[in-house]
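Comments concern the structure below.
Protein chains: 2
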Amino acid sequence: MSTVPPGAQQSHILPPAGLPFDERQTPPIRLYPLSNYTFGVKETQPEEDPSVKDRLRRLEEHYEKYGMRRTCEAVLVCHEHNHPHVLMLQIANAFFKLPGDYIPHDSDEIAGFKTRLNDRLSPPSTSSLSARDTPASADWAVHSTLAQWYRPNFETFMYPYLPPHVSRPKEVKKLYLIELPRTKVLSVPKNMKLLAVPLFELYDNSQRYGPQLSAIPHYLSRLRWEFVDEEGEVVAWTPGGKVDGRVEVKVLAGGEDGEDEGVKMEDAEL
Amino acid sequence: MSTVPPGAQQSHILPPAGLPFDERQTPPIRLYPLSNYTFGVKETQPEEDPSVKDRLRRLEEHYEKYGMRRTCEAVLVCHEHNHPHVLMLQIANAFFKLPGDYIPHDSDEIAGFKTRLNDRLSPPSTSSLSARDTPASADWAVHSTLAQWYRPNFETFMYPYLPPHVSRPKEVKKLYLIELPRTKVLSVPKNMKLLAVPLFELYDNSQRYGPQLSAIPHYLSRLRWEFVDEEGEVVAWTPGGKVDGRVEVKVLAGGEDGEDEGVKMEDAEL
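Here it is, written out as structure tokens:
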């Protein structure tokens with residue numbers, strides 16, 4: 001088995017074919033090259049709170065009035081050289097964060113999340129860039145939940161599970177996979193940088209990215225990928241998939257009807 | 001919002017109700033108390049290879065003949081005091097491993113995995129314990145893939161992603177969540193111990209459990225739980241769910257039809 005689909009295979013020395021290994025997984029996620037996306041700049045978006053202490057105090061006020069705060073963050077994935085890269089914001093050349101934020105207490109989860117993503121990353125409607133998106137590519141396709149982090153107290157510590165004896169968490173932060181469309185315009189506030197960080201850079205690097213972001217490779221590891229080039233051709237994929245229906249098998253000689261299945265297995269499943 | 005369902009609520013000072021926060025997640029997984037399960041002992045199962053070097057040499061032979069090795073491991077979750085615990089084997093009082101193993105090259109993925117789990121944990125058919133399981137509880141309910149780890153070379157290093165330039169991994173290890181039934185008999189080979197390890201013990205503890213097992217809290221963090229007691233009552237759950245249909249709301253006074261929804265929100269969604 002190989003990451004190279006039959007159409008993109010260059011070697012003639014193929015590894016032995018194997019049986020599929022894709023049970024209990026969602027269908028492959030298609031990743032497009034970073035170069036498919038258009039990046040612009042927009043007005044500065046200052047931090048809502050001047051300090052961590054202020055932020056925690058506001059959380060406390062929110063909790064008293066409305067209960068647990070709901071926070072939504074997006075993991076946007078594209079690829080460079082067939083390796084997944086995550087789009088991440090860097091603020092003041094210092095800390096890293098995913099696009100997203102807490103949502104208002106009276107917002108529907110997904111609608112509130114999309115509003116936050118538009119505020120942060122969509123081109124302003126006055127920008128000429130905004131015309132480049134179709135309604136479909138301007139939208140955010142929220143695929144599935146990748147992780148949940150709990151804040152048990154009005155403190156900075158968060159955990160990827162509810163610690164024992166905590167029955168009323170103060171905040172839950174959900175990370176979702178967003179399926180990026182083939183093309184999209186992303187506008188980044190002037191005071192932030194948008195970075196494409198490869199998985200191998202995040203992995204085992206909590207010192208630089210913190211415990212939540214350095215675990216992104218773990219959250220994503222359950223998924224299957226299909227890497228597409230600028231022309232839309234699948235040039236790599238997660239090994240272990242079923243014989244791909246889009247691959248035409250040419251029977252070169254012979255072949256009774258009953259044997260077709262066997263030919264497919266040997267020739268096309270790499 | 002709270003982890004305590006209305007029926008189990010003891011405090012009269014409730015936190016403010018909030019809107020649901022359960023979009024893009026699979027339905028809750030029901031966790032049963034550890035005490036629901038019966039543990040037995042069976043014959044010693046020696047390691048297949050005397051050393052890591054031997055194991056890697058056999059992997060090389062497998063790869064040459066059959067291609068990429070497929071390995072399946074099970075994350076079995078139950079609870080103690082409403083905190084998830086993972087069942088794990090310990091060998092020779094030293095290293096920890098999940099139940100499971102590589103599957104034969106000609107095995108179907110799920111069937112081969114279940115055979116491995118039966119070999120490792122099911123009571124031998126000669127044991128009186130085996131009669132305690134029904135056909136349903138003797139089976140393994142493979143819920144979904146939690147993670148995939150790739151071995152790029154015939155070496156011990158594995159990664160939760162395919163490193164760049166690796167097109168032919170030598171082994172893929174898949175970790176699956178198994179939904180444990182209400183009761184089940186598990187028989188453990190004499191040379192191993194079966195441990196129930198809480199998530200908070202695994203978290204951030206790769207020194208003791210290694211990179212794959214210490215990340216189990218991350219893999220599981222996308223899921224919603226329902227903790228059930230020995231009587232089958234839901235005594236805790238992941239906060240942020242919708243109003244539970246099984247919870248009967250008693251309208252104590254008044255209430256026009258149009259207001260019913262509002263009453264539910266205030267009284268039942270904690």
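If you read the sequences in order, they're chains A and B. Note that the first sequence covers residues 1 to 270 in the UniProt record's numbering. Note that the second sequence covers residues 1 to 270 in the UniProt record's numbering. Glycine included, every Cβ here is placed at the ideal spot set by N, Cα and C.
In angstroms with no decimal places, state the Cα-to-Cα distance between PRO5 (chain B) and VAL234 (chain B). Across the structure, PRO5 (chain B) and VAL234 (chain B) are spaced so that their CA atoms are roughly 7 Å apart.
Could you give the C-beta distance for SER35 (chain A) and GLU230 (chain A), rounded to a whole number, given that I count them as a contact under 8 Å? Contact holds; Cβ gap of about 6 Å.
Among A:TYR66, A:VAL77, A:PRO46, A:SER130, which has the Cα closest to the Cα of ILE103 (chain A)? It is A:TYR66 whose Cα lies nearest to the Cα of ILE103 (chain A).
Where LYS190 (chain A) falls, given that 16 or more other Cβ within 10 Å makes a residue buried: Under this definition LYS190 (chain A) is an exposed residue.
Near PHE157 (chain B), what residues of its chain come up, given a Cβ to Cβ distance below 8 Å and the 5 sequence neighbours on each side ignored? ARG151, listed in sequence order.
Cβ shell of LEU223 (chain B) (< 6 Å), same chain only, five flanking positions each side left out: For LEU223 (chain B), where only same-chain residues beyond five positions count, the Cβ hits under 6 Å are ILE29.
Using 8 Å as the threshold, is the C-beta distance between PRO239 (chain B) and MET68 (chain A) below it? It is a contact, given that the beta carbons lie within the stated cut-off.
In its own chain, which residues sit with a C-beta less than 6 Å from the C-beta of ARG120 (chain B), not counting the 5 before and 5 after it? Here the set comprises PRO99.
My output table needs one value for GLY100 (chain B): the three-state DSSP class, helix, strand or coil. GLY100 (chain B): strand per DSSP, three-state reduction.
Does DSSP put GLY241 (chain A) in a helix, in a strand, or in coil? Here GLY241 (chain A) carries a coil assignment [DSSP, helix/strand/coil].
Anything in the stretch 144–168 of chain A with a Cβ closer than 8 Å to a Cβ of chain B? List those residues in chain order, please. Cβ contacts with chain B: SER144, THR145, LEU146, ALA147, GLN148, TRP149, TYR159, PRO160, TYR161, LEU162, PRO163, PRO164, VAL166, SER167, ARG168.
Provide the residue(s) that pair with ILE178 (chain A) in DSSP beta bridges, ordered along the chain. ILE178 (chain A) pairs with A:LEU76, A:VAL142.
Looking at the C-beta of ARG24 (chain B), does it have a partner C-beta in chain A at a distance below 8 Å? Yes, because at least one Cβ of chain A sits closer than 8 Å to the Cβ of ARG24 (chain B).
Based on Cα-Cα distance, which residue from B:ILE216, B:LEU186, B:ARG182 lies nearest to LEU146 (chain B)? Scanning B:ILE216, B:LEU186, B:ARG182 for the CA closest to the CA of LEU146 (chain B) turns up B:ILE216.
Does the beta carbon of GLU248 (chain B) come closer than 8 Å to any beta carbon on chain A? Bear in mind that a pLDDT of 46 at GLU248 (chain B), under 50, signals an unreliable position, so the number given afterwards is only what the model happens to contain. Among the residues facing chain A, GLU248 (chain B) is not included, as its CB has no counterpart in that chain under 8 Å away.
What does VAL234 (chain B) touch in chain A if you count any residue whose Cβ is under 8 Å from its own? Under the 8 Å cutoff, chain A gives no residues; its nearest Cβ is about 14 Å from VAL234 (chain B).
One question on the structure: do LEU213 (chain B) and PHE113 (chain B) come within less than 8 Å of each other, judged by their Cβ atoms? It is not a contact, given that the beta carbons lie outside the stated cut-off.
Checking the sheet assignment: what are the DSSP bridge partners for VAL234 (chain A)? Checking the DSSP bridge columns, you'll see VAL234 (chain A) partnered with A:VAL228.
In DSSP terms, what LYS173 (chain A) is bridged to: Answer is A:THR71, A:TRP149, bridged to LYS173 (chain A).
Using a Cβ-Cβ cut-off of 8 Å, state whether MET265 (chain B) counts as contacting chain A. Confidence is the limiting factor: at MET265 (chain B) the pLDDT is only 38, short of 50, which leaves the residue's position unreliable, though a coordinate-based value still follows. Not an interface residue.
Looking at C-alpha atoms only, which residue of A:HIS12, A:GLU60, A:LEU195 is the closest neighbour of PRO169 (chain A)? Nearest Cα to PRO169 (chain A) within the set A:HIS12, A:GLU60, A:LEU195: A:GLU60.
With DSSP as the reference, label GLY7 (chain A) as helix, strand or coil. DSSP, read as helix, strand or coil, puts GLY7 (chain A) in helix.
Residues bridged to HIS83 (chain A) (per DSSP): In the DSSP output, where bridge partners are listed per residue, HIS83 (chain A) has A:GLU80.
Where PHE227 (chain A) meets chain B, residues with beta-carbon distance less than 7 Å: What PHE227 (chain A) touches in chain B: nothing, since even the nearest Cβ is about 10 Å away.
Should PRO15 (chain B) be flagged as near chain A, meaning a C-beta pair shorter than 8 Å? Taking 8 Å as the threshold, the shortest C-beta distance from PRO15 (chain B) to chain A falls below it.
Could you name the residues that DSSP lists as bridge partners for GLN90 (chain A)? Note: GLN90 (chain A) sits in a beta bridge opposite A:PHE96, A:LYS193.
Count the other CB atoms within 10 Å of the CB of GLU73 (chain A); is the residue buried (16 or more) or exposed (fewer)? Here GLU73 (chain A) is buried: its Cβ has 16 or more other Cβ atoms, across all protein chains shown, within 10 Å.
Hey, how far is the Cα of LEU162 (chain B) from the Cα of TRP237 (chain A)? Rounded to whole angstroms, LEU162 (chain B) and TRP237 (chain A) show a C-alpha spacing of 10 Å.
Relative to the C-alpha of GLU155 (chain B), which candidate in B:ALA8, B:LEU56, B:TYR32, B:SER11 has its C-alpha closest? Answer by Cα proximity: B:LEU56.
Does the stretch 44–54 of chain A come close enough to the stretch 196–210 of chain B that 3 or more CB-CB pairs lie under 8 Å? No, they do not touch.
Within chain B, partners of SER128 (chain A) - CB distance below 9 Å: The contacting residues do not exist; SER128 (chain A) stays about 33 Å from chain B at best.
So for SER122 (chain A), helix, strand or coil by DSSP? Coil at SER122 (chain A), not helix or strand.
List the DSSP bridge partners of ARG132 (chain A). Per DSSP, none; premise fails for ARG132 (chain A).
List, in chain order, every chain A residue whose beta-carbon is nearer than 7 Å to that of THR3 (chain B). Near THR3 (chain B) (Cβ distances below 7 Å), the residues of chain A are LEU162, SER167.
Under 8 Å Cβ-Cβ, which residues of chain A neighbour PHE200 (chain B)? By Cβ distance, chain A contributes TYR159, TYR161, PRO163, PRO164.
Counting only Cβ-Cβ distances shorter than 8 Å, please list the residues of the stretch 94–113 of chain B near chain A, keeping chain order. Of all residues in the stretch 94–113 of chain B, HIS105, ASP106, SER107, ASP108, GLU109, ILE110 have a Cβ within less than 8 Å of some Cβ in chain A.
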